[in-house]
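> With the sequence shown counted from 1, adding 875 to any position gets you my numbering.
Here a beta-carbon is modelled for each residue, glycine too, at the ideal position from N, C-alpha and C.
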Amino acid sequence: MRLVMMGPPGAGKGTQAQEISRRLDIPHISTGDMLRVAIRSGNEVGRKAKEYLEAGRLVPDEVVIELVKDRLSRRDCDEGFILDGFPRTVNQATALDEWLEGNGLRLDAVLDIEVPRDLLLERITGRRVCLFCGNTYHTVYNPPRVPEHCDGCSRELTQRLDDKEFAVRERLAAYDKQAAPLKEYYRRRGILREINGAQPIEQVGREIGKVLGRDWS
Ligand code: ADP
Ligand code: ADP
Ligand code: ZN
């Protein structure tokens, strides 16, 4: 299955994408994670992207489009993938469609996780991540077994730099501006599926399963 996750920062895209990836055995491709890895490694993409991530602004289309095309060309994407955080603009969506068509492929669904604004701030400020395995937790809603330590590798969890309140508002504003035309783009293609993200993590997962025609109870 070829899927795209949409939704504002903190909606739970990464959390759900991880679960879908495990259940369907397809790679979870997060452009945010890829960009953060590139920045840490100091490579060319990382040097181009750094200032944008720190300001909570979108990285230029051409940079992310190249990054995603390279990633989708790898063999592990042959049977499908789940994109998380891409596309973010109609320009990126068009580039993705062109690439898919060129390879005789198409998207099966775009899952749009809807969450009211006041819940988002709470989710983002409580978010903790493991820089080593990429696992995401929440201090209240998805706590690790040992406080502030990763279940997978026991290392200490950190808070993303851009999860500070200032960058959060920038990101929410950027999302509002970009998401409406993008949703319209996919709605017109008949593949947009709205998911109620204002429910506990497992319940959101079950709703996604239902939309994809699977029983994940
Ligand atoms: P969140 O879902 O919390 O907004 P992400 O990890 O998806 O966070 O993205 C973090 C940052 O990475 C964004 O604020 C933006 O700077 C950059 N980024 C990620 N994906 C894209 C994309 N498709 N286009 C442009 N910038 C992106
Ligand atoms: P996104 O990728 O959309 O930015 P995440 O998957 O990182 O969002 O989730 C943001 C934060 O909210 C994380 O700390 C995560 O553990 C928590 N979270 C995710 N889904 C839910 C949910 N349904 N209810 C409560 N908290 C959630
Ligand atoms: Zn870990």
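#1: By DSSP's criteria, aspartate 987 is part of a beta bridge. Which residues make up the other side?
#2: Would you kindly work out how many angstroms separate the C-alpha atoms of glutamate 973 and glutamine 967, rounded to a whole number?
#3: So is asparagine 918 buried or exposed if we call it buried at 16+ other beta carbons inside 10 Å?
#4: Under three-state DSSP, which class holds aspartate 972?
#5: Determine, using beta carbons only, whether tyrosine 1012 and isoleucine 1076 come nearer to each other than 8 Å.
#6: What is the DSSP secondary structure of valine 1004, reduced to helix, strand or coil?
#7: Within 8 Å, do at least three Cβ pairs link the segment 1044-1059 to the segment 943-960?
#8: Here's a check: name, in chain order, each residue in its chain whose Cβ is nearer than 6 Å to the Cβ of alanine 984, leaving out the five neighbours to either side.
#9: Does the Cβ of serine 916 have 16 or more other Cβ atoms within 10 Å, making it buried, or fewer, making it exposed?
So, to answer that:
#1: As a first step, residue 987 must be located in the sequence shown, where it is residue number 112. Aspartate 987 is bridged to Met881, Glu1069.
#2: Stepping through the sequence shown from its first residue, residue 973 is reached at position 98. Stepping through the sequence shown from its first residue, residue 967 is reached at position 92. Linking glutamate 973 to glutamine 967 through their CA atoms gives a straight-line distance of about 10 Å.
#3: If you number the sequence shown from 1, residue 918 lands on position 43. Residue burial annotation: asparagine 918 is exposed, with fewer than 16 other C-beta atoms found within 10 angstroms of its C-beta.
#4: If you number the sequence shown from 1, residue 972 lands on position 97. Looking at aspartate 972 - three-state DSSP - the assignment turns out to be helix.
#5: Start at 1 with the first residue of the sequence shown, and residue 1012 comes out as number 137. Start at 1 with the first residue of the sequence shown, and residue 1076 comes out as number 201. Not closer than 8 Å, so no.
#6: Counting from 1 along the sequence shown, the entry for residue 1004 is found at position 129. Strand.
#7: No, they do not touch.
#8: Along the sequence shown, read from residue 1 onward, the residue named residue 984 stands at position 109. Here the set comprises Leu878, Ile1066, Arg1068.
#9: As a first step, residue 916 must be located in the sequence shown, where it is residue number 41. By the Cβ neighbour-count rule, serine 916 is exposed, with fewer than 16 other Cβ atoms within 10 Å of its own.
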